[in-house]
Each structure stands twice: as structure tokens, then as C-alpha cells.
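Colleague: Taken in sequence, the protein lines are chains A and B. If you count by the numbering used here, then the first sequence holds residues 1 to 139, one letter each, in order. If you count by the numbering used here, then the second sequence holds residues 1001 to 1139, one letter each, in order. Attaching a single structure in C-alpha cells format; questions to follow.
Protein chains: 2
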Amino acid sequence: MDRVPVLKIGDLLLVSIQVDLEDRLTTQLQEDLAERIVSTGAHGVIIDITALDIVDSFVGRMLATIASMSRVLDAETVVVGMRPAVAITLVELGLGLRGIRTALNVDLGMAMLRDLRQLHMGLPGTTPEDGARDLAGIS
Amino acid sequence: MDRVPVLKIGDLLLVSIQVDLEDRLTTQLQEDLAERIVSTGAHGVIIDITALDIVDSFVGRMLATIASMSRVLDAETVVVGMRPAVAITLVELGLGLRGIRTALNVDLGMAMLRDLRQLHMGLPGTTPEDGARDLAGIS
């Protein structure tokens, strides 16, 4: 496979990671995502990792990079579908996935992105960052 | 990878095929899909083949089997994301994918499933569809 598909669902983008991401594929995915966020005006990115048995520091860094990159382009990122065993290993490895939002499944991830968007669009007086940070605290 | 992830999005299921499906993985996917249709009450299945360079008779048969199986469980199937080159090869091979619905992308596939559902449920009056339509609107 030469690239990981980026699927547009309404005003969100969905990426389902199913293969080992080596350097080239990772770079390609980040480029594709940035391009699609700009071309579609998507306000959210959902990354599904149901198929991953292991999330190591390389994958953790990739997820953090995608989240930061999306944020710069005014889109929020939610990682969904983490297996219980992956969560346990992550914490044992001392990788807390800081700065990365997670949700149990795609439906809940979509709901989270919708809520974030509403906070972002509304609530006069607050800056978008405040809203996002508040929600991240409680989610 | 031991199985292809089946993602639930509202009352639809989404499968993104990114790896070569050998026999075991194909059987597993069909079992998983049937199980998820029953457990979630999904009324539609979207199969994304963006990542596939080739759709041969094996993959064609698998898609047809999934469509038939879903139909028995009262769910419709739409195949989305076919590359132009794949379509050309399919026709050259004499494989027309008969009995399989296709749409250009996930958004259009979702719209098709929604329309099919409305026809199936029977015209105005509505109810079960309202929820689906709401979700489609915001997603």
C-alpha cells in the first residue's frame, strides 16, 4: 500500500490505521491529511487505531504531530478505538499520549468533535483555545 | 493483522479495506460484519476500497457475498472509493460487479443508504429516519 486512505464524512475526516506505519507512509499520511483538511475545510480528524496491537513511542509521536498540525489548520483530532491492552502498555511504557484527545469509538469521537466545534463557534468572550482546553479537561 | 476493523457510524457500519484479504481474513470479516449488523441493528454497510489497486474475481466475489449476507440481515451495502483504473480493469476482465451498489465516496454512499432506507421504510410520516438524518447532517 502506498498510502493510508483519508475518508471524508460530512465535515470530518476519518483515518483508519491498519498497517505498520514506517517513515515514508507516516510522512505521506501527514501530508495527505494536511492537504485534505485544507481542501475540504474539515473541522475535525478522527484516527481509528482499533487494528493496532501496539502503540509505541513512534506511533505516539505521529499521533501528536497529526494533532498539532491539524490544530494549526483549525481542526481538532480525536484518537478512537484503543484496545484495553494497548492502554495498559502505553501507561507501563510511561507514554501518556499527552495533548491527544481520545474517545472509545467513532460515534463518541464524532460527538466530542461536535461539542468542541460548538464551544469554538459560540460562547462570546472566550477565545477558541479556552473552550478547547476546558473541554479537554472534562473529557 | 488478525481482522479488518468494522467501524460503527450512527446506524451504519464502515469497513475500509487496506490489506490483501486472504481466505482467513475474508471469512473473519464476513463473520464480524454479520455479527455487528445484528448487534448494532445497522441498516447499511459501506465498504471503502480506496486503498485497493486491483479488484480481482476473488475480491469481487467477497463483495457480492457481503452484500447478499447483509441484505438477508436487512442491511444494504454500498462499495465506495473505487479508483478509475480499478473500474477500467474490472470491465476489461468482464467483472461488472453485478448486484453490488457503488458510490464515489463515503458521503455519497451514506446519502444512498439513507435514500434506500427511506424507500424501504415507506415514504412520509417518518420516525426512525429522523435520527439518521440528524446524524448525517452534522457528521
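Glycine residues also receive a C-beta, built at the ideal position from the N, C-alpha and C atoms. Treat the numbers as computed from the prediction; the structure is a model and nothing was measured.
#1: Given LEU113(A), which residues of its chain have a CB within under 8 Å of its CB, disregarding the five upstream and five downstream residues?
#2: Compare the C-alpha of LEU1095(B) against each of ILE1066(B), VAL1055(B) and MET1121(B) and name the closest.
#3: Hey, how far is the Cα of ILE9(A) from the Cα of VAL38(A)?
#4: Spatial neighbours of GLY60(A) within its chain, please: C-beta separation below 7 Å, excluding the five flanking residues on both sides.
#5: Buried or exposed for ASP1020(B), please, with buried defined as at least 16 other CB atoms from any protein chain shown within 10 angstroms of its CB.
#6: List the DSSP bridge partners of ALA1103(B).
#7: By the DSSP assignment, the beta strand (DSSP E) with ASP48(A) in it spans what residues?
#8: For a cutoff of 9 Å on Cβ pairs, would you count SER16(A) as touching chain B?
#9: Counting only beta-carbon atoms, is ARG3(A) nearer than 9 Å to chain B?
#10: Can you find the residues in the same chain that come closer than 6 Å, C-beta to C-beta, to SER1016(B), ignoring five residues on each side of it along the sequence?
#11: On the DSSP bridge assignment, give the partners of ILE1009(B) in chain order.
Modeller: Checking against the coordinates, here is how it stands:
#1: Counting only residues of its own chain and dropping the five nearest sequence neighbours on each side, LEU113(A) has a CB closer than 8 Å to the CB of LEU12, HIS43, GLY44, ILE46, GLU76 and VAL78.
#2: Taking only the C-alpha atoms, the option nearest LEU1095(B) is VAL1055(B).
#3: Distance between the alpha carbons of ILE9(A) and VAL38(A): 15 Å.
#4: If we look at GLY60(A) and ignore the five residues flanking it on each side, its Cβ neighbours are LEU95 and LEU97.
#5: That one is exposed.
#6: Paired residue(s): VAL1080(B).
#7: Counting along the chain, ASP48(A) sits inside the beta strand (DSSP E) bounded by residues 44 to 48.
#8: At a cut-off of 9 Å between beta carbons, SER16(A) contacts chain B.
#9: Residue-level contact check: ARG3(A) touches chain B, since one or more beta carbons of chain B fall below 9 Å from its beta carbon.
#10: ASP1048.
#11: For ILE1009(B), which the question treats as bridged, DSSP gives the partners LEU1012(B).
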